[in-house]
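Novice:
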Amino acid sequence: MTRLFFATDIHGSDICWKKFLNAARFYDVTTLVLGGDMTGKALVPIYQLPDGRHQAILLQQEYILDDEAAVIDMERKVTSRGYYPFRVTSGQIQSFRDDPSLVDTFFHQQMHASLERWLAIADEKLAGSGVRCFVSPGNDDPFEIDALLSSSPHINFAEGQAIDIGEGFTLISSGWANVTPWRTYRELPDDRLYDYLKAMIPSELSMEKTIFNFHCPPYASNLDDVPEIDENLNVLNAGHSLVPVGSTAVRRLIEEYQPLVSLHGHIHEGKGTTRIGKTLSINAGSLYEQGVLQGALIDLDPHPKRGLFTPKSHIRSYTLTTG
Amino acid sequence: MSNEAATKNAGDAALFLRKATGLVRSWSVFDAFIYAFFSINLVTLGLYSISQMYFFDGGMLNGLVIFGVLILAEVVVYAALIAVMPRAGGDYVWQSRILGGGIGFVLAVTGWWFILWLWTPLYGDMLRKMIVVPILALLGQRDSALWVNSDTTAFFVASLITLAFVTVIIIVGMKRYATFQKWSFWIGNAGLLMVIGLLFSGDHAAFKAAFESNSTALFGTAAGLYDATVAAGEAAGAVNPLMGGDFKSISLLLPWIAFFLLYPNWGATLYGEVKGADDFKRNFNGMAAAVVVTVGLLILLFFAIDHSITWKFYMQANGAYWYTAWGNTKDASPFPIWPYPALLAAFMTTNPIVQLLVIVAMSMWFFGWAGTMFLSSTRVIFAAAFDRLLPEAAAQVDEKTRTPVWALVLMVVPGIIVAYLYCYNLWSFASLTLAATLVIGITFFGTAIAATILPYTKKDLYEASPIAGYKVLGMPLITVCGAITTLFLGFLLYQWLLDPEAKYGIGYSINDAGVKNTTSLYFMGVLYGVAVLIYVGMRMYRKSKGVNLDVLYSEIPAE
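Protein sequences, first through last, are from chains A and B. In terms of my numbering, the first sequence is residues 1118 to 1440. In terms of my numbering, the second sequence is residues 1293 to 1851.
1. Ordered along the chain, which non-local residues of its own chain (more than five positions away) have a Cβ less than 6 Å from that of Ser1434 (chain A)?
2. Cα-Cα, which of B:Asp1349, B:Gly1396, B:Val1401, B:Ala1676 is closest to Leu1819 (chain B)?
3. Would you check if the distance between the CB atom of Val1697 (chain B) and the CB atom of Asp1690 (chain B) is smaller than 8 Å?
4. Since Ser1331 (chain B) sits in a beta bridge, which residues does DSSP pair it with?
5. Just curious, the alpha helix (DSSP H) that Glu1504 (chain B) is in, first and last residue?
6. Going by beta carbon distance, what residues of the same chain come within less than 6 Å of Ile1542 (chain B), once the five residues before and after it are set aside?
7. Leaving out five residues before and five after Trp1533 (chain B) in sequence, what residues of the same chain have Cβ atoms less than 6 Å from its Cβ?
8. I want to verify the contact list: residues of chain B whose CB lies under 7 Å from the CB of Val1352 (chain A), in sequence order.
9. Have a look at Leu1437 (chain A) and Tyr1144 (chain A) and give me their C-alpha separation to the nearest angstrom.
10. Does any residue of chain A bring its CB to less than 8 Å from the CB of Ser1476 (chain B)?
11. Tell me which residue opens and which closes the alpha helix (DSSP H) that Val1585 (chain B) is part of.
12. DSSP three-state call for Arg1369 (chain A): helix, strand or coil?
13. If the criterion is Cβ atoms closer than 8 Å, does the pair Gly1255 (chain A) and Gly1389 (chain A) meet it?
14. Excluding the 5 residues flanking Val1704 (chain B) on each side, which residues of the same chain have their C-beta closer than 7 Å to its C-beta?
15. Tell me which residues share the same chain as Asn1295 (chain B) and place their Cβ nearer than 7 Å to its Cβ, disregarding the 5 neighbours each side in the sequence.
16. Determine, for Thr1847 (chain B), whether the minimum Cβ-Cβ distance to residues of chain A falls below 8 Å.
17. Just verifying my parser: in three-state terms, what is the DSSP assignment at His1171 (chain A)?
18. Across which residues does DSSP place Ile1093 (chain A) in a beta bridge pair?
19. Closer than 7 Å, Cβ to any Cβ of chain B: which residues of the stretch 1151 to 1168 of chain A, in chain order?
20. State the start and end residues of the unbroken alpha helix (DSSP H) segment that holds Ser1212 (chain A).
21. Is the beta carbon of Ser1398 (chain A) sitting closer than 8 Å to the one on Leu1340 (chain A)?
22. Please name the residue in B:Ala1501, B:Ile1798, B:Cys1773, B:His1599 whose C-alpha comes closest to that of Leu1784 (chain B).
23. Please report the straight-line C-alpha distance between Lys1421 (chain B) and Ala1498 (chain B), rounded to a whole angstrom.
24. So, are the CB atoms of Tyr1796 (chain B) and Leu1726 (chain B) less than 8 Å apart?
25. Could you pull out every residue in the same chain whose Cβ sits closer than 7 Å to the Cβ of Thr1299 (chain B), ignoring the five residues on either side in sequence?
26. Distance, Cα to Cα, Trp1299 (chain A) vs Arg1249 (chain A)?
27. Under the assumption that Gly1338 (chain B) contacts Phe1552 (chain B) (Cβ atoms under 8 Å), give the Cβ distance between them as a whole number of angstroms.
28. Are any of the Cβ atoms in chain A nearer than 8 Å to that of Val1705 (chain B)?
29. Exposed or buried, what is Asp1126 (chain A) when buried is set at 16 or more other beta-carbons lying within 10 Å of its beta-carbon?
30. Using alpha carbons as the reference points, say which of A:Glu1284, A:Lys1422, A:Glu1233 lies closest to Glu1261 (chain A).
31. Give a yes or no on whether the minimum CB-CB distance between Phe1539 (chain B) and chain A is below 8 Å.
32. Look at Val1731 (chain B) and Met1830 (chain B) and say whether their C-beta atoms are less than 8 Å apart.
33. Please report whether the beta-carbon of Lys1835 (chain B) lies at a distance below 8 Å from any beta-carbon of chain A.
34. Take every Cβ of the stretch 1171 to 1190 of chain A, pair it with every Cβ of the stretch 1263 to 1282 of chain A, and state whether three or more of those distances are shorter than 8 Å.
35. By the DSSP assignment, the alpha helix (DSSP H) with Asp1312 (chain A) in it spans what residues?
36. So which residues on chain B does Val1093 (chain A) lean against when the C-beta distance must stay under 7 Å?
Spelled out as structure tokens, the structure:
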């Protein structure tokens, strides 16, 4: 039996990355799959004050940090929410203000450094464990992380590939999504996304043992509901009116191919499961900023038997976890 | 650069964001206010419950203001929990993560799902009392109006219509209904202002004459209706004053006021990423404003009632009506229908179009609110199904209509059964009205305890949250407000369940003169029993299938 743990959208959270790696032992799984959007969304400056103390503003709350221990503790708090802390002088901040492209460059440097650190942790935890770990970037992740992920000895870079994960099960992964209002790195209109994703699916593959690991959930699946926003990104009706924003391309592919399971993220509040035809579709959701790793634990049976009241299925069981 | 200048500099650039999915701006506090405002609907829930409080000695305005102040602690608790654990899904997940999965499941499914079955006939009763009966009467359909008013089958049909309306809203979706709610807000409030204006437009003598003449025209009542109502009200024990009373008598109002003012959190904004303390303040402001405006509008309305109807007569009319409706006397109430303040206000004009307009406008308080009856239930059913504590089908959405068919069945079918029992008063089910609030109160009680201990049991989570800096006398604000809410809800639960003053009739009164309502206790016992059975049974079933539900909320070590 293959026990697979899927998580997604950890967005720079150190805690969630460590939990993801530790999930292998915690849940006794053989296969880890990370669905994308690994990188953080924000930089939090920690200012050095003229008197030697430091100051940070986290979540609109001001903290005065009296000593090095307090600064380190603040850096831990910042990274636990998926943000990148950086120590800075007022001169550096002024240069960021004067030239916004410097912020972008610095952001990418931070992502890179953070990811290198993560991969070192992965090396430490996964080496000799026998656990296979598959990672594909998400639409929020810049392209330069691909090379870094590919270079890791213990991480399998999964983007755009159909990979045999053992016992005849195949994992097909992509972090590309349909177009969002934020114009992120890996977006395509649904018609082109359909072609892009379809090209990854080998023609002779048995769908009974295939898993789609597509970052974006299928359209109108209840896994893709978000609060409605206007053209200025303001949330309408105080978040009470929800609209589906998933991909019609992903939905079409699931309907046409009917894989065993489809794994998704992207929509953090879309945690749930649904059936599209015979396919079990899962969005693990994300609470990364709380240091909570939401995930899906799936037992895959290569030789299932038909039950008295249940049809034969390679999914022996599944559970959505809040770890 | 000085420290002060550097601090300002930091405030100007506290955070650098890059382009990334989900980084929305903000939502309107006014929008949030509307949904919270409808959740503590001062017309449907408010007037319905206040009319039943005719026998209390404490001043109504005193009770309202005190409740309004105390419930702000609950508002802080919910706004704070949302800030610490956004997108988590509300009470179910908060309690599951802090108190444990079993407690979270049992308290959430009873308070946000099962008990909504009992609300079905209550909504139905409000529909007929506030909309159907007045409109039929104003259209000259006296017999139909009186039939709907008094016939149990009509009551049951009104409950079914309510269920049908709620079902349609679930199928249509919240996107469209949210817009409808905004229109309802404006039209309903315009109606309320008309009511207040009409009540201030004449004196008591004018009302008395209008009451007699309109009632005779609409319902065929005999002359001397006013005096007969006064006598019937006095016989019923109608004593409630508008103001005054000692501390004890005022505090005894609170468990009944809870029927409408307990749920400003119902309209809280649960979605979206929390960016900082502003999100906590926005949620707090939206809900707190709903409480303040609701209490303020009720005070204005009650002064308007006191101006022309007089509070004393209003309470006597309520006493006369409910004393009969509850079967305490075989005498018919002189004024045959529920004394709806909007209809009594409409009597102050002779223009039938204006009369009808007032009632139609006021009906939006019902239609803009009732559609969300099962909204929370849907969320809880889905969350429980995703946790494998309900069958997978419970969360399945029909591909064509996007309707959660089985979730609807789980809400509507028991709702029909409970409505039947209530409308036909089988096993004294009609005595359960306040139990509809009690069970929700227990759920909130659990959440208040979870909030109180959160900073100590989830230290890292709390300290990295936007509310970590909010302290009262050195203690976390969420702990202080959680404790106040726990104590407040504890007081309400004590009064409801042990009923020492024989006022509420839904518990096992320790007062010899009080009601020992076994129907209520059995009913609530069954709800909690079923919840426990589902939880234990599903865990055992899943275990037999190789699914270990112990892992649901077990935290993975980070190191």
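Even for Gly, the Cβ is constructed at its ideal location relative to N, Cα and C.
Specialist: Looking at the coordinates:
1. Start at 1 with the first residue of the first sequence, and residue 1434 (chain A) comes out as number 317. Excluding residues within five positions, the ones whose Cβ falls inside 6 Å are Asp1416.
2. To locate residue 1819 (chain B), count along the second sequence from 1; it is residue 527. When each option's Cα is compared against that of Leu1819 (chain B), the closest is B:Val1401.
3. Reading the second sequence from its first residue, position 405 is the one you call residue 1697 (chain B). Reading the second sequence from its first residue, position 398 is the one you call residue 1690 (chain B). With contacts defined by Cβ atoms closer than 8 Å, Val1697 (chain B) and Asp1690 (chain B) form a contacting pair.
4. Counting from one through the second sequence, the residue named residue 1331 (chain B) turns up at place 39. None; Ser1331 (chain B) has no bridge partner.
5. Here residue 1504 (chain B) refers to the residue found at position 212 of the second sequence. Taken as a continuous stretch (DSSP letters only), the alpha helix (DSSP H) holding Glu1504 (chain B) covers 1496 to 1511.
6. Along the second sequence, read from residue 1 onward, the residue named residue 1542 (chain B) stands at position 250. Excluding sequence neighbours, Ile1542 (chain B) sits near Gly1350, Asn1354, Gly1355.
7. Here residue 1533 (chain B) refers to the residue found at position 241 of the second sequence. The question names Trp, but residue 1533 (chain B) in the sequence shown is Pro. Cβ contact annotation for Pro1533 (chain B) (same chain, cutoff 6 Å, sequence separation greater than five): Gly1351, in chain order.
8. By one-based count along the first sequence, residue 1352 (chain A) stands at place 235. Those are Val1316, Ser1318, Trp1319, Gly1564, listed as they occur along chain B.
9. Here residue 1437 (chain A) refers to the residue found at position 320 when the first sequence is read from its first residue. Here residue 1144 (chain A) refers to the residue found at position 27 when the first sequence is read from its first residue. Distance between the alpha carbons of Leu1437 (chain A) and Tyr1144 (chain A): 12 Å.
10. Along the second sequence, read from residue 1 onward, the residue named residue 1476 (chain B) stands at position 184. No, Ser1476 (chain B) does not count as interfacial toward chain A.
11. As a working note, residue 1585 (chain B) is residue 293 in the second sequence. Residues 1569 to 1600.
12. Counting from 1 along the first sequence, the entry for residue 1369 (chain A) is found at position 252. When DSSP states are grouped into helix, strand and coil, Arg1369 (chain A) belongs to the helix group.
13. Translated into the one-based positions of the first sequence, residue 1255 (chain A) becomes position 138. Translated into the one-based positions of the first sequence, residue 1389 (chain A) becomes position 272. Cβ distance not < 8 Å, so Gly1255 (chain A) and Gly1389 (chain A) don't count as in contact.
14. Within the second sequence, the letter at position 412 stands for residue 1704 (chain B). Taken in chain order, the residues that qualify are Leu1455, Thr1459.
15. The sequence position of residue 1295 (chain B) within the second sequence is 3, counting from 1. Because the pLDDT at Asn1295 (chain B) is just 48, under 50, the model does not fix this residue reliably, and the point stays unresolved.
16. Position 555 of the second sequence, counting from 1, holds the residue named residue 1847 (chain B). The sequence shown places Glu at residue 1847 (chain B), rather than the Thr named in the question. So, interface residue.
17. For the purposes of this step, residue 1171 (chain A) is taken as the residue at position 54 of the first sequence. Secondary structure at His1171 (chain A): strand, using DSSP grouped into helix, strand and coil.
18. Since the displayed chain A opens at 1118 and closes at 1440, residue 1093 (chain A) lies outside it and no answer follows.
19. So the close ones are Lys1158, Ala1159, Leu1160, Val1161, Pro1162, Tyr1164, Leu1166, Pro1167, Asp1168.
20. The count along the first sequence starts at 1 and reaches residue 1212 (chain A) at position 95. That run of the alpha helix (DSSP H) goes 1207 to 1215.
21. Residue 1398 (chain A) sits at position 281 when you count from the first residue of the first sequence. Residue 1340 (chain A) sits at position 223 when you count from the first residue of the first sequence. Yes.
22. Stepping through the second sequence from its first residue, residue 1784 (chain B) is reached at position 492. If we check each option's Cα against that of Leu1784 (chain B), B:Ile1798 comes out closest.
23. Position 129 of the second sequence, counted from the first residue, corresponds to residue 1421 (chain B). Position 206 of the second sequence, counted from the first residue, corresponds to residue 1498 (chain B). One C-alpha to the other measures close to 24 Å.
24. Working through the second sequence from its first residue, we reach residue 1796 (chain B) at position 504. Working through the second sequence from its first residue, we reach residue 1726 (chain B) at position 434. Yes.
25. Position 7 of the second sequence, counting from 1, holds the residue named residue 1299 (chain B). Note that Thr1299 (chain B) scores a pLDDT of 47, beneath 50, so its modelled location is shaky and nothing firm can be said.
26. For the purposes of this step, residue 1299 (chain A) is taken as residue 182 along the first sequence, with counting starting at 1. For the purposes of this step, residue 1249 (chain A) is taken as residue 132 along the first sequence, with counting starting at 1. Trp1299 (chain A) and Arg1249 (chain A): Cα-Cα distance of roughly 33 Å.
27. The sequence position of residue 1338 (chain B) within the second sequence is 46, counting from 1. The sequence position of residue 1552 (chain B) within the second sequence is 260, counting from 1. Contact holds; Cβ gap of about 5 Å.
28. Mapped onto the second sequence, residue 1705 (chain B) falls at position 413. It does not; no Cβ of chain A falls within 8 Å.
29. Reading the first sequence from its first residue, position 9 is the one you call residue 1126 (chain A). Buried, by the Cβ-count rule.
30. Counted from its first residue, the first sequence places residue 1261 (chain A) at position 144. Looking at the Cα atoms, A:Glu1233 is the closest of the given residues.
31. Taking the first residue of the second sequence as 1, we reach residue 1539 (chain B) at position 247. Phe1539 (chain B) does not count as touching chain A.
32. Your numbering for residue 1731 (chain B) matches position 439 in the second sequence. Your numbering for residue 1830 (chain B) matches position 538 in the second sequence. Going by C-beta atoms, Val1731 (chain B) is not nearer than 8 Å to Met1830 (chain B).
33. Looking up residue 1835 (chain B) in the second sequence gives position 543. No, no contact with chain A.
34. no
35. Reading the first sequence from its first residue, position 195 is the one you call residue 1312 (chain A). Its alpha helix (DSSP H) spans residues 1307 to 1315.
36. With chain A covering 1118 to 1440 only, the question about residue 1093 (chain A) has no answer from this structure.
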